[in-house]
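Q:
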Amino acid sequence: MNALALIVAFALFGVPAPVRRDPALQATPPRIEKTPQPGQREPGTPAQPAPGRPGSQQPARAAPVPAPAPQPPPVPPRRYGRFDLDLTKEQLARVPDLRECAEALRAPSGHAECTVPRDPDRIVRVQTAWEDSRPGGEVVALRLLFDPAVAPALTDLEWQLTRGWGAPVLEQLRREKDQKILTLQWEDAEHRATLEAQGALTQPSRAVAIVLERRQPPLAGELLGLHPRPFPGFRIKVVRRMEWDGRPYALVWGTSLTPLQEAIGESGPAWASQRSYIGLWRLEPSTAQRPRRWRAMWERAAGGDDDDDSQRVSRVETRDLTGDGSPDVEVELSCPACGRAASEVLVKTVRAGKPVDLLVKRDLFRAQVELSPGTVRIREPEGEDDEGSTVSTYAYDRGKGAFVLAREERVARPLPPPEEQ
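Residues 40 to 460, numbered by the working numbering, are exactly what the sequence shown covers, in order.
1. Trp292 lies in the beta strand (DSSP E); which residues open and close that run?
2. DSSP three-state call for Ala143: helix, strand or coil?
3. For Leu196 and Arg245, I'd like the C-alpha separation in whole angstroms.
4. Check whether the Cβ of Ala335 sits closer than 8 Å to any heavy atom of the ligand HEM, and report yes or no.
5. From the DSSP output, which residues share a beta bridge with Glu421?
6. Taking 9 Å as the cut-off, decide whether the C-beta atoms of Val165 and Arg182 are in contact.
7. Quick check: the segment 325-339 against the segment 302-310, are there 3 or more CB pairs under 8 Å?
8. Provide the residue(s) that pair with Ala441 in DSSP beta bridges, ordered along the chain.
9. Determine the direct distance from the alpha carbon of Ala192 to that of Asp123, and round the result to whole angstroms.
10. Would you list the residues sitting across from Arg280 in a DSSP beta bridge?
11. Can you tell me whether Leu209 is buried or exposed? The criterion is at least 16 other CB atoms within 10 Å of its CB, across all chains shown.
12. Please report the residue range of the beta strand (DSSP E) in which Leu184 lies.
13. Does the pairing of the segment 254-269 with the segment 124-136 give three or more beta-carbon distances under 8 Å?
14. Which residues in the same chain have their Cβ closer than 7 Å to the Cβ of Arg351, if we skip the five residues on either side of it in sequence?
15. Do Ala232 and Ile249 have their beta-carbon atoms positioned less than 9 Å apart in this structure?
16. When we look at the beta-carbon of Phe442 and count the other beta-carbons within 10 Å, is it buried (16 or more) or exposed?
17. Check each candidate in Ser428, Ala406 and Thr432 and name the one with the smallest Cα separation from Arg416.
18. Tell me, please, which residues DSSP counts as bridged to His230.
19. Could you pull out every residue in the same chain whose Cβ sits closer than 6 Å to the Cβ of Pro269, ignoring the five residues on either side in sequence?
20. Flag this pair as yes or no: are the beta carbons of Asp367 and Arg354 separated by less than 9 Å?
21. Which same chain residues, not among the five before or five after Asp125, have their C-beta less than 6 Å away from its C-beta?
22. Quick one: residues in its chain with C-beta nearer than 6 Å to the C-beta of Val430, no 5 flanking neighbours on either side, listed in chain order?
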């Protein structure tokens, strides 16, 4: 083989060139190596010391490779600093830094925003939403807003959160004019955490807020067949299984708002166009023609751009108001000017497989509703200045099977304290 060709092949392909042997060496017969048997030594080799005796040398063994240290599992993305999403509404109301929200947290469901001391986690405002879906009330969202003056850098906070929550499942970047907005998201089966950050296009981004949300748990058991779809983006807030006359029913309350949108409240762009739904469903047994299924008995949808009065379901409660041992359903609807108060009140039950109206009161204006066994009291202010209010008391009439007006009285507005006069 040409020497130049060998050198070129080796340079291009890494092929080693064959070794050229001397003709005299090629004529020498190969040497036959004799493998020593166990217990023997090769001639000419010095004897080795017996193993175990002083001076003996054991063959070197490879050091064992240590197993990698187990990494701790990520913690659930439900807590940041002083604030924990898994606290009940009652526990959250007792947090000292949230005393500004304590009064609002007395309501069975709703949302609130309050200012908190900045240190130690640099959070200055908290927006929260809660529901009465479990005893003590359930917090569904916490939006923790940083102090812009001392907000942590995105890179620092992302590193801190990734150490605790693991790698984010979503990283999103969008541009609005001369600002860049970044979103990072972590989640597990029950919680979702979102980091919001923002900054000028040519400047490092800083954290704006951390949002802790409760994910909607999947329906299980016989509730798995519930499929209400009243409008796009429907989210179930509360689903409760009940019984009337020994047959299973389900109460479904839902909304178009996400937990985050509920926590932001009226200041959010989605609040005005939100939609609400309430429905009573009955589980019908299987027949020869069809399997067992859920069927809606009564439904009410409110809100949205097509609704003139933009009502929304603001409260749903179940309790035995009539004393007959069966649950009754109380529904309050609110209007844009009513806040957390009611503009319409309905009390329903089921008898002989049919929904029955126990009380229907419409055309209210910012009414406060109080429920007690056998009594529904509606306090409706007179005029926008709340100069006084009319209190209507409805008592349950067993003969009529409904709540009837028992008393109506006008209550003057209480006088302010002397220092305010």
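For glycine and all other residues, C-beta sits at the position ideal for the given N, C-alpha and C. On a predicted model such as this, the values are computed, not experimentally measured, just so you know.
A: Short version:
1. Per DSSP, the unbroken beta strand (DSSP E) holding Trp292 starts and ends at Arg286 to Thr294.
2. Residue state, collapsed to three classes: helix.
3. Rounded to the nearest angstrom, the two C-alpha atoms are 9 Å apart.
4. Ligands displayed in this structure: none; no statement on the ligand HEM is therefore possible.
5. DSSP lists Gly427 as partners of Glu421.
6. Yes. Within cutoff.
7. Two segments are said to touch when three or more pairs of C-beta atoms, one from each, lie closer than 8 Å; by this definition the segment 325-339 does not touch the segment 302-310.
8. DSSP, once it has assigned bridges, lists Asp436 as partnering Ala441.
9. Asp123 and Ala192: Cα-Cα distance of roughly 22 Å.
10. According to DSSP, which records beta bridges pairwise, Arg280 is partnered with Ala289.
11. Per the 10 Å Cβ criterion, exposed.
12. Counting along the chain, Leu184 sits inside the beta strand (DSSP E) bounded by residues Glu177 to Phe185.
13. With the cut-off at 8 Å, the segment 254-269 and the segment 124-136 do not touch.
14. Gln313, Ser315, Ala341, Gly342, Leu372 and Ser373, listed in sequence order.
15. When the beta-carbon positions are compared, Ile249 and Ala232 come within less than 9 Å of each other.
16. By the Cβ neighbour-count rule, Phe442 is buried, with 16 or more other Cβ atoms within 10 Å of its own.
17. Looking at the Cα atoms, Thr432 is the closest of the given residues.
18. His230 is bridged by DSSP to Arg253.
19. Around Pro269, the same chain offers Tyr316 and Ala340 as residues with beta carbons nearer than 6 Å, after the five sequence neighbours per side are excluded.
20. No; because the gap between Cβ atoms is not below 9 Å, this pair is not in contact.
21. Excluding its 5 nearest sequence neighbours in each direction, Asp125 has C-beta neighbours in its own chain below 6 Å: Arg117, listed in chain order.
22. Same-chain partners within the cutoff: Arg418, Glu448 and Val450.
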